[in-house]
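Residue numbers (our numbering), protein chains in the order written: chain A, 222 to 448; chain B, 5 to 370.
We put the CB at the ideal spot given by N, CA and C, even for glycine.
A short worksheet on the structure shown next.
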């Protein structure tokens, strides 16, 4: 007897795929944002930080609603994607990816920003006196010194995307294999009074979340070292 | 990118900074050889000037020409990573994610051009060959600073900038590193600009001195001249002294002493195993020099004939400093005003100097 149904496995696989892609995209997008926030001295660092942190406090339904409007047939992004022949993004996997990137952005940016701030200016100045260009110094000095921050940020982003529910319902609906992730699948099981299945999938999510957090708190190399 | 201004050798540095609560306004001509010390209190602008020369301080109006190459003027500014400098920071800042050898290689690999100072030479000069595989966390403060200096040398700099490399170390570690710095001075032909607030360090290491105060250059000149000046308030004081470079002229094996000769006379000092002909630098505290009308019988061995050149008040109202010229060399003597009055000290007067004690500051000057 299978512990998890094919639908459950499909939902889990979709969840992992979504979280992995979102984490990778956010590593690329979030790193320069965090770098800029950690080092800029302009006045609009404050407003920019507030915008990045918005998804932390905004109800997911609000975020999802706006994304739905913007990416919908009459929204600017929706009209652009239609013109480009991509079609509409809501209720597709890539629509979910884009929504999740916004939703999880602060979980990537905040730890990276803290890590870059801890590195400080001095190692980069040292690198400059050793003939390293700013880009060279970023990859060979700042990134290695901020490595624990990258690990924390990636784990938090991945886990937070796995735990997404409200935004998904708003932007992705509930399409098996396309947008039906584990959290939505559990909701469906409960709606259908399939408590046993809901238990099993919930247990998987619980164990996963605990292991992730345990890894985060127990295994942080160099976390206490100051540079 | 480099623009030739002139074929002159030397460093021309002109910088202006206007920050809230701090201004820097300097216009300096420095020789591009030997060790030039930037000396002054904290807040005098010496580190800021060094950062301007390195290019790390980017918001500056100024002009910087090193041996005819324009590093900065109104139109151009070569970024730090393209300047042929080495920089030693006060807190060493080794890259903690790299081993010692990879810290040393970091700049060397990016240097591209022919190596004037080889990695092996830098390692040997600083005596760090046994540390190469360690991580910076496992080094002592003194070892870290030596690695930092070697790392700056390994890029074969045309100009070595050092920002109080000893200030963060305790006395014992300082004594550990000073000989290595002296070796740099002797064995490498790289001009050094050395920031310090310690007269002792300056006396041991520097050839030229730039005295800074409140963002301005107060005085500049060769070390012996600067130490003999009576108008520089931090040199005057408890440890007012002169330095002079001399040559070992005679050994006295029976008494374990050597005679060192300078321009205008000679002094007997303790034998430290120095051969005849070797150059030494000695320091003489003003409080260890007394004046006399007649050379009397006393325990003092070094008695010189000189002429009073200048007289100035010391910090304490009961004390004064008298500068005496012996040949071409200037000595300082600290007297109580009472003693000066009973001697009737006046400028131009011929006197006998009794030098109670001579400190050997540096003996591997080449």
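Where does residue 94 (chain B) sit, in a helix, a strand or coil, going by DSSP? Indexing the second chain from 1 puts residue 94 (chain B) at position 90. It is coil, neither helix nor strand.
One question on the structure: do residue 84 (chain B) and residue 111 (chain B) come within less than 8 Å of each other, judged by their Cβ atoms? Numbered from its first residue, the second chain carries residue 84 (chain B) at position 80. Numbered from its first residue, the second chain carries residue 111 (chain B) at position 107. Not a contact, by the Cβ cut-off of 8 Å.
Return the residue from the list B:47, B:51, B:91, B:325 that minimises the CA-CA distance to residue 162 (chain B). Translated into positions along the second chain, residue 162 (chain B) becomes position 158. Per the Cα distances, B:91.
Would you mind telling me which residues of chain B sit closer than 7 Å to residue 353 (chain A), beta carbon to beta carbon, in chain order? Here residue 353 (chain A) is taken as the residue at index 132 of the first chain, counted from 1. Correct list: 85, 114.
Hey, would you say residue 323 (chain A) sits closer than 8 Å to residue 301 (chain A), going by beta carbons? Residue mapping note: residue 323 (chain A) aligns to position 102 of the first chain, counting from 1. Residue mapping note: residue 301 (chain A) aligns to position 80 of the first chain, counting from 1. Not closer than 8 Å, so no.
For residue 263 (chain A), which of helix, strand or coil comes out of DSSP? The sequence position of residue 263 (chain A) within the first chain is 42, counting from 1. Reduced to three states, the DSSP call for residue 263 (chain A) is coil.
Can you name the residues of chain B whose CB is closer than 7 Å to the CB of residue 344 (chain A)? The sequence position of residue 344 (chain A) within the first chain is 123, counting from 1. 97, 99, listed in chain order.
So, residue 357 (chain B) versus residue 315 (chain B), is the Cβ gap smaller than 8 Å? As a working note, residue 357 (chain B) is residue 353 in the second chain. As a working note, residue 315 (chain B) is residue 311 in the second chain. No, they are not a contact pair.
Below 8 Å between beta carbons is the criterion; list the residues of the segment 249-264 of chain A that meet it against any residue of chain B, in chain order. none
Determine, using beta carbons only, whether residue 352 (chain A) and residue 81 (chain B) come nearer to each other than 8 Å. One-based indexing of the first chain puts residue 352 (chain A) at position 131. One-based indexing of the second chain puts residue 81 (chain B) at position 77. Contact: no.
CB contact check: residue 413 (chain A) to chain B, cutoff 8 Å: Taking the first residue of the first chain as 1, we reach residue 413 (chain A) at position 192. No, its Cβ sits nowhere closer than 8 Å to a Cβ of chain B.
Can you tell which of B:62, B:212, B:285, B:350 has the C-alpha that lies nearest to the C-alpha of residue 313 (chain B)? Within the second chain, numbered from 1, the residue matching residue 313 (chain B) stands at position 309. If we check each option's Cα against that of residue 313 (chain B), B:350 comes out closest.
At a CB-CB cut-off below 7 Å, which residues of chain A make contact with residue 110 (chain B)? Numbered from 1 along the second chain, position 106 holds the residue referred to as residue 110 (chain B). In chain order: 351.
Within this structure, are the beta carbons of residue 42 (chain B) and residue 216 (chain B) separated by less than 8 Å? Within the second chain, residue 42 (chain B) is the residue found at index 38, counting from 1. Within the second chain, residue 216 (chain B) is the residue found at index 212, counting from 1. Yes, the Cβ-Cβ distance between residue 42 (chain B) and residue 216 (chain B) is below 8 Å.
With a CB to CB cut of under 6 Å and the five nearest residues on each side skipped, what residues in its chain are close to residue 354 (chain B)? One-based indexing of the second chain puts residue 354 (chain B) at position 350. Cβ neighbours of residue 354 (chain B) beyond the five flanking positions: 311.
Quick check: the Cα distance between residue 292 (chain B) and residue 168 (chain B), rounded to an integer number of angstroms? Counting from one through the second chain, the residue named residue 292 (chain B) turns up at place 288. Counting from one through the second chain, the residue named residue 168 (chain B) turns up at place 164. Between residue 292 (chain B) and residue 168 (chain B), the C-alpha separation is close to 29 Å.
Tell me, please, whether the CB atom of residue 347 (chain A) is closer than 8 Å to any CB atom in chain B? Position 126 of the first chain, counting from 1, holds the residue named residue 347 (chain A). Cβ-Cβ to chain B under 8 Å: yes for residue 347 (chain A).
With residue 107 (chain B) as the anchor, note down where its alpha helix (DSSP H) starts and where it stops. In the second chain, residue 107 (chain B) corresponds to position 103, counting from 1. Element bounds for residue 107 (chain B): 104-115.
So within the segment 283-326 of chain A, which uninterrupted alpha helix (DSSP H) runs reach at least 4 residues, ignoring any that extend past its ends? 297-304
DSSP beta-bridge partners for residue 16 (chain B)? If you number the second chain from 1, residue 16 (chain B) lands on position 12. DSSP output for residue 16 (chain B) lists B:33, B:69 as bridge partner(s).
Return the residue from the list B:352, B:331, B:148, B:325 that minimises the CA-CA distance to residue 342 (chain B). Position 338 of the second chain, counting from 1, holds the residue named residue 342 (chain B). Ranking the options by Cα distance to residue 342 (chain B), first place goes to B:325.
Taking the alpha-carbon positions, what's the residue 259 (chain A) to residue 335 (chain B) distance? Residue numbering aside, residue 259 (chain A) sits at position 38 when the first chain is read from its first letter. Residue numbering aside, residue 335 (chain B) sits at position 331 when the second chain is read from its first letter. Roughly 55 Å between the two C-alpha positions.
Is it buried or exposed, residue 222 (chain A), if we count other Cβ atoms within 10 angstroms and call 16 or more buried? Residue mapping note: residue 222 (chain A) aligns to position 1 of the first chain, counting from 1. At residue 222 (chain A), the pLDDT of 43 sits below 50, so the modelled position is not reliable; the number obtained from the coordinates is stated separately. Classification for residue 222 (chain A): exposed.
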